[in-house]
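Number of protein chains: 2
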Amino acid sequence: MGTTQLESVPEPKYWHLRTVLTEALESEFSVGEILPNERDLAARFGVARATLRQALEQLELEGRLQRRRGVGTTVAPPRVGVAVGTEQHAWPGAADDVWQPADCTLAVPPASVADALETGRDEAVHIVRRSRVTHGQPVAAELLYIPQSSVPDLTAIDTPSGAARARAVLRELQRRELEGQENAVELGSARADDAKELDRLPGAPVLVVTTRYIAEGRTAALSVATYRADTCRLTFGDSGGVEIHQDPERRAS
Amino acid sequence: MGTTQLESVPEPKYWHLRTVLTEALESEFSVGEILPNERDLAARFGVARATLRQALEQLELEGRLQRRRGVGTTVAPPRVGVAVGTEQHAWPGAADDVWQPADCTLAVPPASVADALETGRDEAVHIVRRSRVTHGQPVAAELLYIPQSSVPDLTAIDTPSGAARARAVLRELQRRELEGQENAVELGSARADDAKELDRLPGAPVLVVTTRYIAEGRTAALSVATYRADTCRLTFGDSGGVEIHQDPERRAS
DNA sequence: AAGTGGTCTAGACCACGAA
DNA sequence: TCGTGGTCTAGACCACTTC
Chain A
1 MGTTQLESVP EPKYWHLRTV LTEALESEFS VGEILPNERD LAARFGVARA
51 TLRQALEQLE LEGRLQRRRG VGTTVAPPRV GVAVGTEQHA WPGAADDVWQ
101 PADCTLAVPP ASVADALETG RDEAVHIVRR SRVTHGQPVA AELLYIPQSS
151 VPDLTAIDTP SGAARARAVL RELQRRELEG QENAVELGSA RADDAKELDR
201 LPGAPVLVVT TRYIAEGRTA ALSVATYRAD TCRLTFGDSG GVEIHQDPER
251 RAS
Chain B
1 MGTTQLESVP EPKYWHLRTV LTEALESEFS VGEILPNERD LAARFGVARA
51 TLRQALEQLE LEGRLQRRRG VGTTVAPPRV GVAVGTEQHA WPGAADDVWQ
101 PADCTLAVPP ASVADALETG RDEAVHIVRR SRVTHGQPVA AELLYIPQSS
151 VPDLTAIDTP SGAARARAVL RELQRRELEG QENAVELGSA RADDAKELDR
201 LPGAPVLVVT TRYIAEGRTA ALSVATYRAD TCRLTFGDSG GVEIHQDPER
251 RAS
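Chains as they are written, first to last, in UniProt numbering: chain A, 1 to 253; chain B, 1 to 253.
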């Protein structure tokens, strides 16, 4: 189609395409509907497939589309509000906890974790794997690092294996007095194993929530939770799941 | 180098490249150092430039690299911890506030904002633009929506224009009793104007923090703050800026 | 003017899911 | 087996910064 003269200050094609598609999604498509395939869409808009894909990637990042290899591209439902850190003064594994313990091992954590826990860099800690499911969809995978000193009364005889062992460790943790917790959120990319659990490809964008549980002035446990960035909106503070529905890309100027 | 036989389950080239580059960054480069240009790097690794770029994009997303058109690719410093919602019971504009008011207009907000504020969809509200700078770098741009009913004593005579007017509106807001606030975080992409303020390109990944300020049982103000996802780690809770330095991509398995 | 990253193209082949 | 999205290539040109 040759050179286009879309704008006086030429906006990238993929950006313009993203805008056009956004409007089309809101007016002509409903949630769950399947879009035409990438080759057809690219032809329809007169761009290369790579350019079309760049626009789709943006929309997927913003949680408006969901793409699955071998299946197709569908219109995504609105992001789910996921409460984080509302159990402000509860240990992981408390009664109202939404996490499913999956496994527990005893191993040496990465150096950065050891430093935060103030354990030696060669010291093994309990590593509990948990997953979080909302509305039938997996939304997060977590690694919980618990120094052996935080669960001193745990004996080998108590701890069979797998999820049962994870629960035993968490139960022991409850016995200590929790003084507070600190949360941090940052953008990351899913490692291969997390990606698999979250039903995404490696490198998919995730929100990494790091929580430090503090007891007796020290870090008694460290949680690193990996949330799907495309489907989740993390809520903090007083009342969690209130629907604000602020769309991060369509605001007044 | 022809076809590679890296893995029995073939890992994508860009993903492998990302791993190799991550290790190289940690062992052979220091913060601020300039990498070879993309064409040279691609040739060195025997891949197409597009593939190399896919790996660099990942690393930039993870906050390890910084790329600037016309300049080059540099090793990024560790993400800065940015406290969010620690002023848990303070209005925006309080004494210790880190935001710089830039402007203030009176306009009709987007429908989603009007709904959250419980104002009519055609009702104009004060819109305060503020920016946040840390370590000399812009990290966030904010739009604050304040219904006129939240600052009833504000008179036209008090409000000249620009930053001064923004400060006047915030000052009026302080007079009300704040009951609480709610925060939500999600991934978004920077609009053109935010991108410019954050020194990024349109579509750059951002963490969108939506805060609802509650007074007298109603939403008295709504803040939508856009943080650079590549350079920021948002901290919540008791004590803000503690360095945990958890690297979101290099954890034990 | 030279060099950088950003955009775009037109192909090819692969991995996966469903029929 | 077929259709989907995912990866990869080898180019071209553009926008921006610096000299």
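Ideal Cβ positions, reconstructed from N, Cα and C, are used throughout, including at glycine.
Among the options, the one whose alpha carbon lies nearest that of residue i
| i | options | result |
| --- | --- | --- |
| A:Asp194 | A:Ala166, A:Ala168, A:Arg129, A:Gln148 | A:Arg129 |
| A:Gly188 | A:Gln181, A:Gly180, A:Leu173, A:Ala204 | A:Ala204 |
| A:Phe236 | B:Ala184, B:Arg228, B:Leu234 | B:Ala184 |
| A:Arg175 | A:Arg212, A:Val206, A:Ala94 | A:Ala94 |
| A:Gly72 | A:Gly63, A:Arg39, A:Arg132, A:Ala24 | A:Arg39 |
| B:Ala221 | B:Gln58, B:Ser149, B:Ala83 | B:Ser149 |
| B:Leu17 | B:Ala166, B:Gly46, B:Asn37 | B:Gly46 |
| A:Glu11 | A:Ala43, A:Glu23, A:Val224, A:Ala55 | A:Ala55 |
| A:Pro202 | A:Arg228, A:Glu186, A:Ala215, A:Arg218 | A:Arg228 |
Cβ neighbour criterion (16 or more within 10 Å) applied to residue i
| i | result |
| --- | --- |
| B:Leu178 | buried |
| A:Gly85 | buried |
| residue 335 of chain A | This structure leaves residue 335 of chain A out entirely; chain A is present only between 1 and 253. |
| A:Val182 | Reading off the sequence shown, one finds Glu at residue 182 of chain A, where the question assumed Val. Under this definition A:Glu182 is a buried residue. |
| B:Ile127 | buried |
| A:Asp199 | exposed |
| A:Val151 | buried |
| A:Leu234 | buried |
| B:Leu65 | buried |
| A:Val31 | exposed |
| A:Arg121 | exposed |
| B:Leu21 | buried |
| B:Met1 | Low per-residue confidence applies at B:Met1: pLDDT is 36, beneath 50, and the placement is therefore not dependable enough to give any value. |
| B:Val133 | exposed |
| A:Thr155 | exposed |
| B:Glu60 | buried |
| B:Glu7 | In this prediction, B:Glu7 has a pLDDT of 43, which is less than 50 and means its spatial position is unreliable; what the coordinates show is noted afterwards. By the neighbour-count rule (16 or more Cβ atoms within 10 Å), B:Glu7 is not buried but exposed. |
| B:Arg44 | exposed |
Collapsed DSSP secondary structure at residue i in the structure displayed
| i | result |
| --- | --- |
| B:Thr231 | coil |
| A:Ser189 | strand |
| B:Phe45 | helix |
| A:Met1 | Reliability fails at A:Met1, whose pLDDT of 37 lies under 50, so the model's placement of it is uncertain and the value that follows must be treated cautiously. Note: A:Met1 maps to coil in three-state DSSP. |
| A:Thr210 | strand |
| B:Asp247 | For B:Asp247, the predicted structure reports a pLDDT of 43, less than 50, and the residue's modelled location is therefore unreliable. A value from the coordinates is still provided. DSSP places B:Asp247 in coil when its eight states are reduced to three. |
| A:Ser150 | helix |
| A:Gly240 | Low confidence applies here, because A:Gly240 scores a pLDDT of 33, under 50, leaving its location unreliable; read the following figure in that light. It is coil, neither helix nor strand. |
| A:Glu7 | Here A:Glu7 scores only 42 on pLDDT, less than 50, and its place in the model is too uncertain to base an answer on. |
| B:Arg68 | strand |
| residue 293 of chain B | Residue 293 of chain B falls outside the range modelled here, since chain B spans only 1 to 253, and no answer is possible. |
| B:Glu182 | strand |
Residue i, enclosing alpha helix (DSSP H) - first and last residue
| i | result |
| --- | --- |
| A:Glu172 | 162-174 |
| B:Asp103 | Where B:Asp103 is concerned, there is no enclosing alpha helix (DSSP H), although the beta strand (DSSP E) it sits in stretches over 99-107. |
| A:Ala140 | Looking at the DSSP string, A:Ala140 is not in any alpha helix (DSSP H); the run it does join, the beta strand (DSSP E), is 137-147. |
| B:Arg18 | 13-28 |
| A:Asp96 | A:Asp96 -> no alpha helix (DSSP H), and no H or E assigned at all. |
| A:Asp122 | Run containing A:Asp122: none; DSSP gives neither H nor E here. |
Supposed close pair residue i, residue j - CB separation, criterion 8 Å
| i | j | result |
| --- | --- | --- |
| B:Trp99 | B:Pro92 | 7 Å |
| B:Pro147 | B:Val125 | 5 Å |
| B:Arg212 | B:Ala140 | Not confirmed; about 17 Å, so no contact. |
| B:Ala192 | B:Thr226 | Wrong, their Cβ atoms sit about 12 Å apart, outside the cutoff. |
| A:Leu41 | A:Val75 | Contact flag wrong, Cβ pair sits at about 13 Å. |
| A:Glu172 | A:Asp153 | 6 Å |
| B:Gly63 | B:Asp103 | In fact, because the Cβ distance is near 29 Å, the residues do not count as touching under 8 Å. |
| B:Val208 | B:Val224 | 7 Å |
The beta strand (DSSP E) enclosing residue i, as first and last residue numbers
| i | result |
| --- | --- |
| A:Thr74 | 72-75 |
| A:Ser131 | 125-134 |
| B:Ala90 | Segment: none, B:Ala90 is in no beta strand (DSSP E) and carries neither H nor E. |
| B:Ala83 | 80-83 |
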